[in-house]
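Everything below concerns the one structure shown next.
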Amino acid sequence: MASLEDLKRLYDSFSCSGASVYLREEETLAIRSFLGSKSPVLHICGSPGTGKTHVTVHTVGNSFLYLNYYNENDIFGRIKSSNTSVVIIDEFDKYYNERRNECIQAMCYLRTRQKLITISNDLTISGDVLFFKPYSSSDMEKILTQKVSEESSSPILNPTAIKIISKRVGPSGDLRQLLRYVQEIVGKKIVEGGAVEISPEDVFPEKESTEERPSNVHHSIISSLISGNKRVSKMELYSRYLKECQEMEISSYDRTDFNIIYDIYA
């Protein structure tokens, strides 16, 4: 069972800037290939939370100038005074759309002097573009399992809890959202104190807290319904689940949470 120190270490790891790169081997290879090529520009594009900035900075190493459009008043001036081999411009799509003339001027200046890597959420511009796909629920489950094992040899997150969390956050494709969500759960456990493993019921605290029965009862009901009704549709199983909850006089999960648990046991 995880100790309080294990929980604190895991909590702190979510805020660590030097965190590991997860499941971005192809993207890492593409960035390395660009750095070793004669191409002057690499455009990187993807939804928020797909690891664009973290993977890029981690892969490039130490010799680069990092500029975020929202934090810089004079990007072109910073570029002209820099002698690093690589320039990274984050939020490049905003830079290109809002200060296009300066942006194009900066790109022309860099073309024969330094390599340029741009990072955008939504980019419509010609040139080579490396797309970062959103993380899937399966990706998130693998990442969370690996991260927990890296931080502690003792079990901190129950495997079923990891599945539930991953399926709940998975549709967003946002890894940062996943890590913030887990950090919040871990933080609550730290406040409670003591050694503990985070279980499935901790994922739905606002619903479980109103029930006097064991908090894993919903998992038991749903898994039993699935095992005993192989040919019944998910919609029909949900109706039967609601009926059982009513008969047991306990509050029921909504359709979204039911689907998450259903996918675990189906």
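Each step along the sequence shown adds one to the number in UniProt numbering, with nothing skipped, and position 170 is 170. In this text, a Cβ means the ideal position worked out from N, Cα and C, and glycines have one as well.
Reducing DSSP to helix, strand and coil, say where residue i ends up.
i           : result
Y135        : coil
residue 270 : Outside the displayed span of the chain (1 to 266) sits residue 270, for which this structure offers no information.
L23         : coil
I143        : helix
I125        : coil
I164        : helix
I250        : coil
I156        : coil
S81         : coil
T56         : helix
Q183        : helix
N101        : helix
Just grab the DSSP bridge partners of residue i for me.
i    : result
H219 : BP columns for H219 are empty, so no partner.
D90  : N68 and I119
C45  : S120 and F131
I198 : L157
Nearest by alpha-carbon distance to residue i: which of the options is it?
i    : options                  : result
S85  : H58, N62 and Q114        : Q114
I164 : Y265, R99, E150 and D12  : Y265
I88  : K94, V41, P48 and P134   : V41
A106 : E249, D122, L130 and L67 : L67
A2   : V57, S199 and I119       : S199
T160 : Y262, R240 and F131      : Y262
I119 : R180, D93, L179 and R111 : D93
I117 : C16, Y70, K52 and S220   : K52
S82  : Y69, S63, N73 and Y96    : S63
T50  : S172, F34 and E151       : S172
Short of 7 Å in beta carbon distance, which residues of its chain neighbour residue i, apart from the five on each side in sequence? Order them along the chain.
i    : result
L23  : D139, K142 and I143
P48  : N121 and D174
E197 : M1, A2, P155, I156 and N158
H218 : Y253 and I261
R111 : P40
L179 : F14
G170 : S136, S137 and M140
Near residue i, what residues of its chain come up, given a Cβ to Cβ distance below 6 Å and the 5 sequence neighbours on each side ignored?
i   : result
I75 : L67
Spatial neighbours of residue i within its chain, please: C-beta separation below 8 Å, excluding the five flanking residues on both sides.
i    : result
V55  : V21, R24, E27, T28, I31 and F132
R213 : The predicted position of R213 is uncertain, since its pLDDT is 42 and thus under 50; no value can be drawn from it.
Worksheet item: Can we say the segment 221–238 touches the segment 169–189, given the rule of at least three CB pairs closer than 8 Å?
Response: no
Practice prompt. Give a yes or no on contact between the segment 98–114 and the segment 122–135, applying the rule of three or more CB pairs nearer than 8 Å.
Written response: At 8 Å Cβ cutoff, the stretches do not touch.
Worksheet item: Is it a yes or a no for the segment 128–138 touching the segment 4–19, going by three-plus beta-carbon pairs under 8 Å?
Response: no
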